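J.: Protein chains in written order, with the numbering used here: chain A, 2 to 336; chain B, 2 to 336; chain C, 2 to 336; chain D, 2 to 336. Below is the structure I would like to discuss, written out as structure tokens.
4 protein chains.
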Amino acid sequence: MHHEAPSCPAVAVVGATGYAGQELVRLLARHPAATLEVAMASSATDQPRRLPRLRRLWEGEVRPFSVDAVSGKKDAAVLALPDAAAAEVGPALVRAGLRVFDLSGAFRLREPGPRARHYPGSPADWPEGTVYGLSELNRQAVATARLVACPGCYPTAALLAVAPLARAGLIEGDVIVDAKSGLSGAGKTPSERTHFSENHGSVAAYGLFAHRHTAEIEQELGCDVTFVPHLVPLDRGILETIYLRVRPGVTPARVAETYEAAYRDAPFVRLTADHLPEIKHVAHTNFCDIGWRLEPGGRRLVLVACLDNLVKGAAGQAIQNLNVAFGLDERAGLL
Amino acid sequence: MHHEAPSCPAVAVVGATGYAGQELVRLLARHPAATLEVAMASSATDQPRRLPRLRRLWEGEVRPFSVDAVSGKKDAAVLALPDAAAAEVGPALVRAGLRVFDLSGAFRLREPGPRARHYPGSPADWPEGTVYGLSELNRQAVATARLVACPGCYPTAALLAVAPLARAGLIEGDVIVDAKSGLSGAGKTPSERTHFSENHGSVAAYGLFAHRHTAEIEQELGCDVTFVPHLVPLDRGILETIYLRVRPGVTPARVAETYEAAYRDAPFVRLTADHLPEIKHVAHTNFCDIGWRLEPGGRRLVLVACLDNLVKGAAGQAIQNLNVAFGLDERAGLL
Amino acid sequence: MHHEAPSCPAVAVVGATGYAGQELVRLLARHPAATLEVAMASSATDQPRRLPRLRRLWEGEVRPFSVDAVSGKKDAAVLALPDAAAAEVGPALVRAGLRVFDLSGAFRLREPGPRARHYPGSPADWPEGTVYGLSELNRQAVATARLVACPGCYPTAALLAVAPLARAGLIEGDVIVDAKSGLSGAGKTPSERTHFSENHGSVAAYGLFAHRHTAEIEQELGCDVTFVPHLVPLDRGILETIYLRVRPGVTPARVAETYEAAYRDAPFVRLTADHLPEIKHVAHTNFCDIGWRLEPGGRRLVLVACLDNLVKGAAGQAIQNLNVAFGLDERAGLL
Amino acid sequence: MHHEAPSCPAVAVVGATGYAGQELVRLLARHPAATLEVAMASSATDQPRRLPRLRRLWEGEVRPFSVDAVSGKKDAAVLALPDAAAAEVGPALVRAGLRVFDLSGAFRLREPGPRARHYPGSPADWPEGTVYGLSELNRQAVATARLVACPGCYPTAALLAVAPLARAGLIEGDVIVDAKSGLSGAGKTPSERTHFSENHGSVAAYGLFAHRHTAEIEQELGCDVTFVPHLVPLDRGILETIYLRVRPGVTPARVAETYEAAYRDAPFVRLTADHLPEIKHVAHTNFCDIGWRLEPGGRRLVLVACLDNLVKGAAGQAIQNLNVAFGLDERAGLL
């Protein structure tokens, strides 16, 4: 039985030099109940290097990638790799007996058609024991999974905000998600799109009717989603404003009760009700703050959800899943 | 006949020390076909003062407000005043024979009910010759108006984007406007809401189901509008993402043709089609850029419109109206 | 003997609603070896209130200020108060038997003349056992102090960078400190100076030849200091570029050795040598990063030091001092 | 005689797609007394392209570079090219009879030694009629020059601030220039250094004791200069804080008189005296604002100078020089 979780799992990080990868190292280095055993680069040909920003927090060396070095004596691996690399490495590590927490998109879409379309390098078949790992909505499956596909930052906020209402049958029709994201969400690779001067003092929509996260949100909600992401001039954090209609007779109190029931035991969801959340209050934390307001006398419901894309939207989510999977306190290393 | 426009109208600015007021002074000081005759503060008790930021551009003195000093030998006044002050000053100056261009909300709503609700200090009766002054949609009325109520920055972008489609009967159902605004839109008065540290690295929604601009957009479009403004960490500019449904059979080409017909002679509307506009490209200009994309195989239409809230959303709009009203080149002083 | 430090001191925070005060609450709430016993507002007339941003981190209530409530059964108090209030409250709490860690300027200047000039409300006489609390330079005195005057954020960076060189006799002549600060350093009270729009896209010098921190730096270094602070458009962090001359014969290696000797046991000073430090790498941490470069073939030495003004420059510094004073691990609660 | 300036010179821009190049096109397109005849890319192999951000302001096409196309029937060329390209193109166009205004560093340093060291591709010999073109300090030479080497943005601010005092013999010793620059100064090419996330919320020094602009400032001032540039999180503008010593007996009044005499006829230098200048007030203008403060009772003088690096520090400077060279109003097209 692989679920006899070790009391203090030994963890490998693969892809430790990007923004999400460094956040993983930072969080795991001070995790009270897991050990960062090794941090590796994305490729076998990268030179060994230090992470100067993390000095005094983690003094190790990021080593070139090698499956053998990851798997020996490790209990778990967290992957912060490009989709195609994760598609290959993930199953290999599962075969080597590790539990894998993957931040890429390679294993998020269950249907082979959309998966091949949105993530061309992803495998035709999923490893057995693969689950979509949004701890709050899927805690039991995560607890026993072999490979946890961690949701993207945009779907995390959208699903945490909408899923409880959808499951409770409170809403009808389609869903519009207007998302505002900081630039760290665009990754560390320099491009004209990530140049400081192109974003300072600006806001830009992108990926209209073409963003891969739309499929992921639709898969989990089972309804039509219009998803429009925007780049806003900040570094860390996303905020989503979500437009829905409630069924006739749904009251503000009903909405509030539904959320409270859903997140009573969720340590990282904070319900702010009609005091709408702001990115600043979740940056550098693993919280997802959710607020809402129902149109007075009407059926239009507006939700606002925000989180830090590198923590709850990436590294923190992976560690939260790891905590659940190994039977640790879900909050360990994340407060 | 008051419409024998003087060849070079003499203009007074009232309320010259706020963000929009200073922009007015800056633009009028270099206007090739109008003369900035006097700039006044919002109140009769303000001390005379200079505008050091405009040195070498305008060397005059902002004087205490006085109706007499405004009206003598002036042809026009532009008001950048609080709503209640504008409600009083505007009609007085019209009676004194000036043509008035008002940036406040006092004269924007035609129905007395909503007007009293949203702008408590506004007059029960409008002066004769009052028009809603969005030059592009209402050019002829502006040309002969006595008092031009210039639209707010949010309605300007929303109406320029939606009105041509609504007039052409291309859309159905309600309209969702998700607006992102820089902080200069919140005015110059310091508050916790405008503190640098509260906005840096953050995004916040505000005024949900309560913003006065909703009534203004609904008045002009004649349909239900859900309008959610957000503060984003930049100074000048707004961007609106607008969610609509088109009637069956409407094609991308039809949308494009409709816009092109509407704005063929509009010097300040730039159609960017599926190359979506960005705030950076309109900041410090009088342009409103509009892009759009129709869901492939579907009826969901997304519009993106942006403008500089202090120029096209305030001072530039007033001057554009002034140009139209006095028979000048609509672009004078604005390129 | 008051130095038999309790194993887990009970701490009161006074002035818990400003930026530094909230950071204190956040840090103490998760401190592994001290207990946040009570958080109080700056005044006795403030209403009790929650700190919504800290929900799930600290769920307590900020209570109106009262000396009695602070002193009962507490071991220590951290004060984040205006200078005049701290001047009064600090000695009262010392008399009540608490050890006091004060973030204000009231007790920083030893000479009564400068103290009265720069901090008019400060007491003519200092309580016995008052020390200037820069842990790295003054660890032993802090260990037994009754009242610790925590340095300002600007002096902290300047002194950590310059003092080791000055003590080792490596430099001569005066010192120029060009400081760049984020806006949280200006405090939470709204003003034109802290308005978002006045700072976005801008840089401004202020307080030239008049800033109170100059006296504090000169007191500790014993030489002439020209100190020019600037506001730069960011929230948290300061960076100082410091211009000095070394004595003839001083080499880069000598500078490096001097720093390494000085900070061998300092957990929060990171020496980056000629890889110059950046604010981003210290934001949200208690680190002070210091880099330097000596003019090739010359005697001009440039130092660059940076830290987070709310952590190492305020709340973190107080807690570091508290750790030292109570014999805890100096790093407790700060990594 | 080449100095019979045409009444309305026909101008070519070479290198029109970078930040400075686009600013040149924008300014020349609305210049009242010069004609933008052609805009060219930096290389002969670039595809023809539009500049969508300038739509309605300039509707032309940026063409591949060709010396022939530049020189035919043009009076002047403004070059916004890499140093090595400018070193080649500049003299060729002078030989073709054009007057050339060069924004690169290729022709700024008079001494062959420093020139070869700092600008390896620059020519060993300068074309006859080459001048260092800071209009305010060198107006007469610019008026008759064949090739005008426009100063870099950092030297422009430093020289405008220091040169009048140096020429009047008011200062002694060396000069320290602490410069803060927005990111557009780093150019349009994406790199890790220009990534939004690396700069948001940060400040970083760079190029210590190695920046080429040091040689340029020293050449023009004739004294030792310590120059330390920093990147600050904004787009457009630089601010320099300059540390000097005045000779014994120099008073604040003497400093003020010296500046006023120097800049009485300079339309783009604004003296703000002890009201220190801020970047925000010069952004998007051709102004250089200069303020200063003399240590009370001492000899330490601090100057603060700021300008927009793309206007007064690049495109605006070239056009100001062009205005001077062709006998136009120095302000034409720049207010």
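Note that beta-carbon positions come from the ideal geometry of N, C-alpha and C, so glycine has one too. Model, not experiment: these values are computed from the prediction.
Among S185(B), R255(B), R100(B), whose alpha-carbon lies nearest the alpha-carbon of A167(B)?
T.: For this step, residue 167(B) is matched to residue 166 along the second sequence. Checked all of S185(B), R255(B), R100(B); the closest Cα to A167(B) is R255(B).
J.: Got a sec, what are the start and stop residues for the beta strand (DSSP E) S182(A) sits in?
T.: Along the first sequence, one-based indexing puts residue 182(A) at 181. It spans 172-182 - the beta strand (DSSP E) in which S182(A) sits, taken as one unbroken run.
J.: Is DSSP giving A34(D) helix, strand or coil here?
T.: For this step, residue 34(D) is matched to residue 33 along the fourth sequence. The answer is coil: DSSP assigns A34(D) none of H, G, I, E or B.
J.: Given a limit of 8 Å on CB to CB distance, which residues of the segment 204-215 of chain D reach chain C?
T.: Going along the segment 204-215 of chain D in chain order, one finds V204, A205, A206, Y207, L209, F210 with a Cβ nearer than 8 Å to chain C.
J.: Between V305(A) and A206(B), is the Cβ-Cβ spacing less than 7 Å?
T.: For the purposes of this step, residue 305(A) is taken as residue 304 along the first sequence, with counting starting at 1. For the purposes of this step, residue 206(B) is taken as residue 205 along the second sequence, with counting starting at 1. A contact, by the Cβ cut-off of 7 Å.
J.: Could you tell me the alpha carbon to alpha carbon distance between G134(B) and D84(B), rounded to whole angstroms?
T.: Taking the second sequence and counting its residues from 1, the one referred to as residue 134(B) is at position 133. Taking the second sequence and counting its residues from 1, the one referred to as residue 84(B) is at position 83. Those two C-alpha atoms are separated by around 16 Å.
J.: Inspect the beta-carbon positions of P65(D) and A42(D) and report whether they are closer than 7 Å.
T.: Translated into the one-based positions of the fourth sequence, residue 65(D) becomes position 64. Translated into the one-based positions of the fourth sequence, residue 42(D) becomes position 41. Cβ atoms of P65(D) and A42(D): closer than 7 Å.
J.: From the DSSP output, read off the bridge partner residues of R301(A).
T.: The residue labelled residue 301(A) in the question sits at position 300 within the first sequence. BP columns for R301(A) point to R246(A).
J.: Looking at C-alpha atoms only, which residue of F197(C), T195(C), I239(C), E193(C) is the closest neighbour of V178(C)?
T.: Residue numbering aside, residue 178(C) sits at position 177 when the third sequence is read from its first letter. Ranking F197(C), T195(C), I239(C), E193(C) by Cα distance to V178(C) puts I239(C) first.
J.: Under three-state DSSP, which class holds E241(A)?
T.: Numbered from 1 along the first sequence, position 240 holds the residue referred to as residue 241(A). Reduced to three states, the DSSP call for E241(A) is strand.
J.: Consult DSSP for L339(A) and reduce its assignment to one of helix, strand or coil.
T.: Only positions 2 to 336 of chain A appear in this structure, which leaves residue 339(A) out of reach.
J.: To the nearest angstrom, how far is the alpha carbon of E193(A) from that of L245(D)?
T.: Here residue 193(A) corresponds to residue number 192 of the first sequence, with the count starting at 1. Here residue 245(D) corresponds to residue number 244 of the fourth sequence, with the count starting at 1. Distance between the alpha carbons of E193(A) and L245(D): 40 Å.
J.: With 7 Å set as the bound, which would you pick, yes or no: does the beta-carbon of R56(D) sit closer than that to a beta-carbon of chain B?
T.: Locating residue 56(D) in the fourth sequence gives position 55, counting from the first residue. Yes, R56(D) lies at the interface with chain B (some Cβ there is under 7 Å from its Cβ).
J.: How is F102(D) classed by DSSP in three states: helix, strand or coil?
T.: What you label residue 102(D) is simply residue 101 of the fourth sequence in a count that begins at 1. Reduced to three states, the DSSP call for F102(D) is strand.
J.: Is there at least one non-hydrogen atom of the ligand MN closer than 6 Å to the beta-carbon of D175(A)?
T.: As presented, the structure is devoid of all ligands, the ligand MN included, so that no description of it is given.
J.: In the DSSP assignment, find the unbroken beta strand (DSSP E) run with V283(A) in it and report its ends.
T.: Indexing the first sequence from 1 puts residue 283(A) at position 282. Element bounds for V283(A): n/a, residue is neither H nor E.
J.: Within 7 Å (strictly less), CB to CB, does H119(B) reach chain D?
T.: If you number the second sequence from 1, residue 119(B) lands on position 118. No, H119(B) lies away from the interface with chain D (no Cβ there is under 7 Å from its Cβ).
J.: Enumerate in chain order the residues of its own chain whose CB-to-CB distance from T273(A) is below 6 Å, with the five nearest sequence positions on each side excluded.
T.: Taking the first sequence and counting its residues from 1, one reaches residue 273(A) at position 272. The answer, listed in chain order, is D290, G292.
J.: So what does C307(C) bridge to, in DSSP terms?
T.: As a working mapping, residue 307(C) is identified with position 306 in the third sequence. Answer is L240(C), D290(C).
J.: Taking L184(C) and S198(B) to be in contact with their CB atoms under 8 Å, please state how far apart those CB atoms are, rounded to whole angstroms.
T.: Along the third sequence, one-based indexing puts residue 184(C) at 183. Along the second sequence, one-based indexing puts residue 198(B) at 197. Going by Cβ atoms, the distance from L184(C) to S198(B) rounds to 5 Å, so yes, they are a contact pair.
J.: What three-state label does DSSP hand A40(A) in the structure shown?
T.: In the first sequence, the residue the question calls residue 40(A) occupies position 39. Three-state DSSP puts A40(A) in a strand.
J.: Which residues, in order along the segment 162-175 of chain B, keep a beta-carbon less than 7 Å from a beta-carbon of chain A?
T.: Against chain A - using a Cβ distance shorter than 7 Å - the segment 162-175 of chain B contributes no residues.
J.: Between A216(D) and L110(D), how many whole angstroms is the CB-CB distance? I'm expecting something under 8 Å.
T.: As a working note, residue 216(D) is residue 215 in the fourth sequence. As a working note, residue 110(D) is residue 109 in the fourth sequence. Sure, about 6 Å apart at Cβ, within 8 Å.
J.: Run through DSSP, which three-state label would A88(B) get?
T.: One-based indexing of the second sequence puts residue 88(B) at position 87. Of the three classes helix, strand and coil, the one that applies to A88(B) here is helix, per DSSP.
J.: Under a three-way DSSP split, which group does V204(B) fall into?
T.: Working through the second sequence from its first residue, we reach residue 204(B) at position 203. Coil, per DSSP.
J.: Does the beta-carbon of T131(D) have 16 or more other beta-carbons within 10 angstroms, so that it is buried, or is it exposed?
T.: The residue given as residue 131(D) occupies position 130 in the fourth sequence. By the neighbour-count rule (16 or more Cβ atoms within 10 Å), T131(D) is buried.
J.: Measure the C-alpha to C-alpha separation of H196(B) and G188(B) and round it to an integer number of angstroms.
T.: Here residue 196(B) corresponds to residue number 195 of the second sequence, with the count starting at 1. Here residue 188(B) corresponds to residue number 187 of the second sequence, with the count starting at 1. If you take the alpha carbons of H196(B) and G188(B), they lie about 12 Å apart.
J.: Does any residue of chain A bring its CB to less than 7 Å from the CB of T242(B)?
T.: Translated into the one-based positions of the second sequence, residue 242(B) becomes position 241. Yes, because at least one Cβ of chain A sits closer than 7 Å to the Cβ of T242(B).
J.: If we count Cβ pairs, one from each stretch, closer than 8 Å, do we get three or more for the segment 297-313 of chain C versus the segment 149-158 of chain C?
T.: With the cut-off at 8 Å, the segment 297-313 of chain C and the segment 149-158 of chain C touch.
J.: State buried or exposed for K281(C), treating a residue as buried only when at least 16 other CB atoms are found within 10 Å of its CB.
T.: Here residue 281(C) refers to the residue found at position 280 when the third sequence is read from its first residue. It counts as buried.
J.: Which chain C residues sit within Cβ distance under 8 Å of G106(A)?
T.: On the first sequence, residue 106(A) is found 105 positions in, with the first residue counted as 1. Within 8 Å Cβ-Cβ: nothing; G106(A) doesn't reach chain C, min ~28 Å.
J.: Which of helix, strand or coil does DSSP assign to P1(C)?
T.: As displayed, chain C neither begins before 2 nor continues past 336, which places residue 1(C) out of reach and without an answer.
J.: On the CB-based measure, 16 or more other CB atoms within 10 Å of its CB, does R265(C) come out buried or exposed?
T.: As a first step, residue 265(C) must be located in the third sequence, where it is residue number 264. The residue in question, R265(C), is exposed, as its Cβ has fewer than 16 Cβ neighbours within 10 Å.
J.: Three-state secondary structure (DSSP) at T273(B)?
T.: Looking up residue 273(B) in the second sequence gives position 272. Reduced to three states, the DSSP call for T273(B) is strand.
J.: Shortest alpha-carbon distance to W59(B) belongs to which of F288(B), C151(B), V283(B), E38(B)?
T.: Start at 1 with the first residue of the second sequence, and residue 59(B) comes out as number 58. Minimum Cα distance to W59(B) is reached at E38(B).
J.: Please state if the CB of L99(C) and the CB of V15(C) are separated by a distance shorter than 7 Å.
T.: One-based indexing of the third sequence puts residue 15(C) at position 14. One-based indexing of the third sequence puts residue 99(C) at position 98. Taking 7 Å as the Cβ cut-off, V15(C) and L99(C) do not qualify as a contacting pair.
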